[in-house]
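These notes are about the structure you will find just below.
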Amino acid sequence: MEIYRIEDVSFTFPLQARKAIYHIQLTIQSGEFITIGGKSGSGKSTLLRQLKPILSPHGEREGKINFRGLPIEGLDQRQQASEIGFVLQNPDNGIVTDKVWHELAFGLESLGLDQQAIRLRVAETASFFGIQNWFHKSVTELSGGQKQLLNLASMMAMHPTVLLLDEPTSQLDPIAAADFIETLRKINRELGTTIIMTEHRLEEVLPVSDRFIVMDEGKVIVDDNPRKAGEALWHMNHPMFTAVPSPMQIYAGVTQDSSYPVTVKEGRQWLDRYITNRSFVREEAVTAIISSVKQPAVRFKDIWFKYEKNGPDVIKDLSFEVAEGQFYCLVGGNGTGKTTALSLAGGLYQPYRGKVYIGGKNAASMSFKELYQSNLAYLPQNPQHLFVKKTVEQDLAEMLVQSSLTREEKADKVFAISEFLELQNLLGMHPYDLSGGEQQRAALAKVLLLEPRILLLDEPTKGLDSFFKDKLASYLKKLNAQGVTIIMVSHDIEFCAKYADVCAMFFDGSITTSGQAKTFFAGNSFYTTAANRMVRHVWKSAVTVEDVIRRCKNHG
Amino acid sequence: MNRNGFAGYHPLINFVYFTAVLLFGMFFVHPIMQVISLVSASCYSIMLRGRRAVRFQLLYMLPLLLAAALFNPAFNHAGVTILFYLKSGNPITLESILYGISSACMLITVLIWFSCYNAVMTSDKFIYLFGKLIPALSLILSMVLRFVPRYKDQIRRISYAQRSIGKDVSQGNLLRRARNGLTILSIMTTWALENAIETADSMKSRGYGLPRRTSYSLYRLDNRDKGFMAVMLSLIIIVVIGEVNGENTMRFFPSVQTAEVTPFSILIYAAYLGLCMMPVIQHMMEAIKWKSIASKM
């Protein structure tokens with residue numbers, strides 16, 4: 036059965052000449068699992084919101100959208116609420132009430148169901164999603180992954196036929212994200228609910244999708260099953276191809292003889308077939324050699340830290356050194372103390388045992404001015420926490436209010452930094468109106484105005500698309516070349532493998548292993564890039580997609 | 169969440185019980201009634217909060233009792249039984265001493281009952297009860313309870329982010345600190361408004377604003393609740409009958425006069441004791457039953 040028929044739909048935001056989406060033509064069958072990809076600002080979310088009129092932004096829509104054969108405008112609010120579920124990007128913003136059980140019942144209360152009916156549906160939903168163990172909890176006690184699962188469950192309690200999701204995993208760590216996608220797959224397979232989601236992280240979601248739609252500048256450029264869609268992107272030589280799963284990228288870079296592999300498993304099977312007829316040298320892992328540290332920019336010496344007097348130790352006997360001009364990445368699971376370690380380096384907390392040295396000096400005895408003027412800069416996870424003014428330009432200027440420079444010098448500095456981070460076109464905008472990647476850049480510009488020698492980044496790639504990630508990396512590399520030391524906390528293994536100098540694995544409050552990025556990941560078995568997991572039985576030290584392609588080509 | 173014993177009963181029962189014991193505790197000045205109420209309240213509070221309750225009672229309540237008992241005769245000189253004269257020439261009377269003790273006793277009884285009330289009537293019970301009367305209010309309360317901790321956490325995060333660029337309330341001179349504090353508040357406001365739009369979307373998308381909204385709760389008035397309610401209401405009625413007949417009152421001025429102890433009044437005292445001790449009795453019965461079951465397991 037046809038759920039949606041989208042005929043020639045365009046949409047223009049008020050006071051804008053350019054159409055946000057442009058003559059979209061789609062039909063969506065009942066029970067399909069559809070992923071919509073594309074750069075930030077390509078019109079994905081705008082399209083998604085057209086599918087639930089109550090959430091459509093103001094503006095002018097042309098064309099027709101039919102829902103189950105009838106014009107979607109005919110759907111009243113009650114039907115829209117119960118038939119079409121919508122999950123937002125930020126798990127925290129979706130939650131309205133203070134208790135898990137109340138949140139599950141919220142939509143059903145709105146629909147006016149009686150106690151008995153709500154009781155049954157809430158019970159059913161909680162069991163299906165495995166919520167029963169935290170059913171009575173306050174929502175503040177939940178993790179990000181649990182919150183997003185709760186958002187999903189409270190939608191599903193209303194028994195929708197279609198579920199729309201707007202980048203639901205972008206704020207989650209990789210494990211929670213994979214769990215979430217798995218739950219979506221279960222809903223799709225076991226309940227037959229149609230799922231339409233936008234997503235940046237395609238590694239997990241493409242293998243379970245039936246269709247992959249790629250949008251660019253408001254148009255649908257590819258609409259096919261994931262394998263074919265990947266192939267089409269490759270042939271178009273489209274930048275979105277860098278976002279598809281690594282096995283696809285490797286395959287496309289090497290041959291074109293069969294269908295595109297989507298998962299690591301398929302990639303492995305393809306590689307095995309590919310190398311059987313060719314002679315290859317199997318490599319063993321190279322042992323890690325860490326070049327002797329020059330002048331350490333940041334040194335942790337036997338650090339112990341806890342948040343409360345009787346609380347558990349968050350950091351346990353942590354010692355490491357970051358050399359001047361290095362790009363140092365801390366990776367590891369959630370709640371292992373990575374972010375805490377970064378805050379300690381930033382002087383936001385004091386350890387109760389041990390010392391942190393910044394440029395050879397004990398951080399505890401340095402004044403705030405010494406720490407933060409031309410020395411340390413910390414970019415928080417949420418760049419919004421730094422913005423204080425109405426426009427980006429004022430916001431940047433605000434950073435220099437207290438410096439003794441003349442007006443011209445200040446203006447020059449703001450100009451130089453906005454040129455460096457390509458913010459010129461955004462200077463007049465309100466910081467909150469920027470996209471995630473642009474906000475990140477504006478926030479980076481703000482902290483760079485302090486001319487730091489050490490830059491601390493807390494998950495800077497969270498929620499960014501692959502295009503913005505590459506951009507961010509290029510700025511970081513430039514800073515690195517200027518001698519700025521960068522310490523970054525990240526879940527994004529692919530990003531760290533590609534760009535970092537040294538990676539360290541954080542576990543249980545301390546660093547377990549560290550090494551040069553490539554050798555570090557070559558030494559891991561699970562906690563490594565998809566490309567490495569795909570080829571590590573042949574080439575242990577091939578970590579990035581480019582490494583693998585080069586090796587395939589060299590030997591083939 | 170405290171869901172054991174009496175707290176596990178329906179919120180309505182919890183609420184009626186506490187309303188009754190609080191009101192009775194405030195209005196009955198008869199010494200026997202006061203002692204019953206004070207002893208029950210202390211027992212229940214110790215049962216609920218253990219050692220902390222004992223400390224609370226000894227450290228704060230006992231001194232308060234003594235202070236209040238001494239304070240009254242120092243200022244109140246009414247009464248006919250004069251014990252002695254102060255240096256200022258004012259008389260100290262037996263009546264005012266007794267009245268002081270009585271009102272102090274009432275004060276701490278009510279305070280201890282309130283400490284029990286706080287332990288039993290959690291926010292969601294309260295919301296549930298008043299949501300029945302005004303459904304919109306219960307949602308608003310629930311949303312407030314969601315947003316207050318969220319905003320607090322957000323302010324902390326913003327403050328840390330600002331500290332790392334040297335603009336936190338803990339940095340700089342007084343003027344700059346005040347300025348930084350205002351900046352943080354301003355960021356917070358922008359952030360809150362911006363994010364509230366999304367929350368509004370989430371509410372709209374789940375049909376908020378449709379007519380005939382219902383209110384769901386986890387509580388059900390089951391048979392156990394009904395039984396408890398019946399016993400509690402009959403005890404309350406007996407006590408109220410006693411009050412109407414003047415069995416629970418006492419006169420202090422000009423001279424002390426207590427209602428006489430008669431078989432009828434003993435019945436009232438027993439009913440009052442039963443009422444005040446209901447949670448404790450219920451708890452003990454459950455504990456004995458559990459022991460006997462456990463011994464057979």
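Protein sequences, first through last, are from chains A and B.
Okay, so the first sequence: first residue is 36 according to my numbering, each after it adds one.
Okay, so the second sequence: first residue is 169 according to my numbering, each after it adds one.
Where is the CB? At the ideal position from N, CA and C, for every residue including glycine.
- Would you say A:Val289 and A:Cys587 are within 8 Å of each other, going by their C-beta atoms? Position 254 of the first sequence holds residue 289 of chain A. Position 552 of the first sequence holds residue 587 of chain A. Cβ distance < 8 Å, so A:Val289 and A:Cys587 count as in contact.
- Message: With a threshold of 8 Å between beta-carbons, can B:Leu297 be considered close to chain A, or not?
- Response: Residue numbering aside, residue 297 of chain B sits at position 129 when the second sequence is read from its first letter. Between B:Leu297 and chain A, the shortest Cβ-Cβ separation is not below 8 Å.
- Task: Measuring only between beta-carbons, confirm whether A:Ala323 sits less than 8 Å from chain B.
- Result: In the first sequence, the residue the question calls residue 323 of chain A occupies position 288. Here A:Ala323 scores only 49 on pLDDT, less than 50, and its place in the model is too uncertain to base an answer on.
- When the Cα of A:Ala565 is compared with those of A:Gly381, A:Glu581 and A:Met232, which residue comes out closest? The residue you call residue 565 of chain A lines up with position 530 of the first sequence. Of the candidates A:Gly381, A:Glu581 and A:Met232, the one whose C-alpha sits nearest the C-alpha of A:Ala565 is A:Glu581.
- Can you tell which of B:Gln450, B:Asn341, B:Gln425 and B:Ala304 has the C-alpha that lies nearest to the C-alpha of B:Tyr376? Sequence index remark: in the second sequence, residue 376 of chain B carries index 208 (1-based). Check the Cα spacing between B:Tyr376 and each of B:Gln450, B:Asn341, B:Gln425 and B:Ala304: the tightest is with B:Ala304.
- Which residue's Cα is closest to the Cα of A:Ala376: A:Tyr342, A:Val279, A:Arg40 and A:Ala358? Taking the first residue of the first sequence as position 1, residue 376 of chain A is located at position 341. Comparing Cα-Cα distances from A:Ala376 to each of A:Tyr342, A:Val279, A:Arg40 and A:Ala358, the minimum goes to A:Tyr342.
- Is the CB-CB distance between A:Tyr413 and A:Leu462 below 8 Å? Here residue 413 of chain A refers to the residue found at position 378 when the first sequence is read from its first residue. Here residue 462 of chain A refers to the residue found at position 427 when the first sequence is read from its first residue. Their beta carbons are not under 8 Å apart, which means A:Tyr413 does not touch A:Leu462 by this criterion.
- Item | Straight-line Cα distance separating A:Leu514 from A:Lys592 | Summary: the structure shown does not reach residue 592 of chain A, with chain A confined to residues 36 through 591, and so no result is reported for it.
- Count the other CB atoms, across all protein chains shown, that sit within 10 Å of the CB of A:Thr441; report buried if there are 16 or more and exposed otherwise. Against the first sequence, residue 441 of chain A aligns to sequence position 406. A:Thr441 comes out exposed.
- Closer than 8 Å to chain A by CB, B:Thr351: If you number the second sequence from 1, residue 351 of chain B lands on position 183. In terms of beta-carbon proximity, B:Thr351 lines the interface with chain A, with at least one pair separated by less than 8 Å.
- Message: For A:Thr426 and A:Ala477, I'd like the C-alpha separation in whole angstroms.
- Response: Taking the first residue of the first sequence as 1, we reach residue 426 of chain A at position 391. Taking the first residue of the first sequence as 1, we reach residue 477 of chain A at position 442. C-alpha separation (whole angstroms): 11 Å.
- Own chain residues within Cβ distance below 8 Å of A:Leu143, not counting five before or after: Taking the first sequence and counting its residues from 1, the one referred to as residue 143 of chain A is at position 108. Within the same chain, A:Leu143 has close Cβ partners Ala152, Ile153, Arg156, Val157, Ala192 and Met193.
- If we call anything under 8 Å between Cβ atoms a contact, is A:Ser117 one with A:Pro195? What you label residue 117 of chain A is simply residue 82 of the first sequence in a count that begins at 1. What you label residue 195 of chain A is simply residue 160 of the first sequence in a count that begins at 1. In this structure, A:Pro195 lies closer than 8 Å to A:Ser117 by Cβ.
- Using the rule of at least 16 other Cβ atoms within 10 Å of the residue's Cβ for burial, across every protein chain shown, is A:Thr3 buried or exposed? Past the boundaries of the shown model lies residue 3 of chain A; chain A is included only from 36 to 591, so the question cannot be answered.
- Message: Between the alpha carbons of B:Ala237 and B:Leu251, how many angstroms are there, rounded?
- Response: Sequence index remark: in the second sequence, residue 237 of chain B carries index 69 (1-based). Sequence index remark: in the second sequence, residue 251 of chain B carries index 83 (1-based). Their backbone Cα atoms lie some 16 Å apart in a straight line.
- Message: I'd like the span of the beta strand (DSSP E) that includes A:Trp339, first residue to last.
- Response: Locating residue 339 of chain A in the first sequence gives position 304, counting from the first residue. First-last of the beta strand (DSSP E) with A:Trp339: Pro331 to Phe340.
- Going along the chain, which residues of its own chain have a beta-carbon closer than 7 Å to the beta-carbon of A:Ala267, five neighbours each way excluded? Working through the first sequence from its first residue, we reach residue 267 of chain A at position 232. So the qualifying residues of the chain are Val257 and Asp259.
- Considering only C-alpha positions, which residue in the set A:Gln474, A:Gly372, A:Phe121 and A:Glu238 is nearest to A:Ile528? Residue 528 of chain A sits at position 493 when you count from the first residue of the first sequence. Taking A:Ile528 as reference, the option from A:Gln474, A:Gly372, A:Phe121 and A:Glu238 with the minimal CA-CA separation is A:Glu238.
- Message: Using the Cβ count rule (16 or more neighbours within 10 Å means buried), how would you classify A:Asn312?
- Response: In the first sequence, counting from the first residue as 1, residue 312 of chain A sits at position 277. That one is exposed.
- In this structure, does DSSP put A:Pro495 in helix, strand or coil? Position 460 of the first sequence, counted from the first residue, corresponds to residue 495 of chain A. Of the three classes helix, strand and coil, the one that applies to A:Pro495 here is coil, per DSSP.
- Query: Based on the DSSP secondary-structure assignment, which residues constitute the bridge partners of B:Gln425?
  - Reply: Translated into positions along the second sequence, residue 425 of chain B becomes position 257. The partner list for B:Gln425 (beta bridge, DSSP) reads B:Arg419.
- Message: With a threshold of 8 Å, are at least 3 pairs of Cβ atoms found where one atom belongs to the segment 292–308 of chain B and the other to the segment 443–463 of chain B?
- Response: By the Cβ test, the segment 292–308 of chain B is not in contact with the segment 443–463 of chain B, since fewer than three Cβ pairs between them sit closer than 8 Å.
- Message: Can you pull out the residues from the segment 213–225 of chain B whose beta carbon lies closer than 9 Å to at least one beta carbon of chain A?
- Response: Within the segment 213–225 of chain B, no residue qualifies.
- Message: Using only the alpha-carbon positions, how far apart do A:Val357 and B:Tyr387 sit?
- Response: Working through the first sequence from its first residue, we reach residue 357 of chain A at position 322. Working through the second sequence from its first residue, we reach residue 387 of chain B at position 219. One C-alpha to the other measures close to 57 Å.
- Query: Of all the CB atoms in chain B, is at least one closer than 8 Å to the CB of A:Glu144?
  - Reply: Here residue 144 of chain A is taken as the residue at index 109 of the first sequence, counted from 1. At a cut-off of 8 Å between C-beta atoms, A:Glu144 counts as an interface residue with respect to chain B.
- Message: Quick check: what's the CA-CA separation for A:Gly346 versus A:Phe340?
- Response: For this step, residue 346 of chain A is matched to residue 311 along the first sequence. For this step, residue 340 of chain A is matched to residue 305 along the first sequence. So the alpha carbons of these two residues sit roughly 10 Å apart.
- Task: Return the residue from the list A:Glu159, A:Asp43, A:Lys79 and A:Ile522 that minimises the CA-CA distance to A:Ile100.
- Result: Position 65 of the first sequence, counting from 1, holds the residue named residue 100 of chain A. Residue A:Asp43 is the option with its Cα nearest to A:Ile100.
- Message: For chain B, check one thing: does any of its Cβ atoms lie closer than 8 Å to the Cβ of A:Met450?
- Response: Residue numbering aside, residue 450 of chain A sits at position 415 when the first sequence is read from its first letter. Note that residue 450 of chain A is Phe in the sequence shown, not Met. So, not an interface residue.
- Query: For A:Pro242, which of A:Val255, A:Tyr295, A:Gln206 and A:Leu199 has the nearest alpha-carbon?
  - Reply: Your numbering for residue 242 of chain A matches position 207 in the first sequence. For the residues A:Val255, A:Tyr295, A:Gln206 and A:Leu199, the minimum Cα distance to A:Pro242 belongs to A:Tyr295.
- Item | Residues of the segment 323–347 of chain B whose Cβ lies closer than 7 Å to any Cβ of chain A, in chain order | Using a CB distance below 7 Å, the part of the segment 323–347 of chain B facing chain A consists of Arg325, Ile326, Tyr328, Ala329, Arg331, Ser332, Ile333, Gly334 and Gln339, ordered along the chain.
- Message: Using a Cβ-Cβ distance cut-off of 8 Å, determine whether B:Thr261 contacts chain C.
- Response: Here chain C cannot be found, since the structure's protein chains are A and B.
- Item | 7 Å Cβ cut-off: residues of chain A touching B:Asp369 | The residue you call residue 369 of chain B lines up with position 201 of the second sequence. Within chain A, the residues Leu90 and Leu123 have their CB atoms less than 7 Å from the CB of B:Asp369, given in chain order.
- Query: If we ignore side chains and look at the alpha-carbon of each, how far apart do B:Trp281 and B:Val222 end up?
  - Reply: As a first step, residue 281 of chain B is located in the second sequence; it is residue number 113 there, counting from the start. As a first step, residue 222 of chain B is located in the second sequence; it is residue number 54 there, counting from the start. Rounded to the nearest angstrom, the gap between the Cα atoms of B:Trp281 and B:Val222 is 14 Å.
- Query: In chain order, what residues of the same chain have a beta carbon less than 8 Å from the beta carbon of B:Asn258, not counting five sequence neighbours either side?
  - Reply: On the second sequence, position 90 is the one that residue 258 of chain B refers to. If you ignore the 5 residues before and after B:Asn258, its C-beta comes within less than 8 Å of the C-beta of His245, all in its own chain and listed in chain order.
- Task: Taking all protein chains shown into account, decide if A:Asn128 is buried (16 or more other Cβ within 10 angstroms of its Cβ) or exposed.
- Result: Within the first sequence, the letter at position 93 stands for residue 128 of chain A. When all chains shown are included, A:Asn128 counts as buried.
- Alpha carbon to alpha carbon, how far is A:Asn369 from A:Arg53? Your numbering for residue 369 of chain A matches position 334 in the first sequence. Your numbering for residue 53 of chain A matches position 18 in the first sequence. Distance between A:Asn369 and A:Arg53, taken at the CA atoms: about 42 Å.
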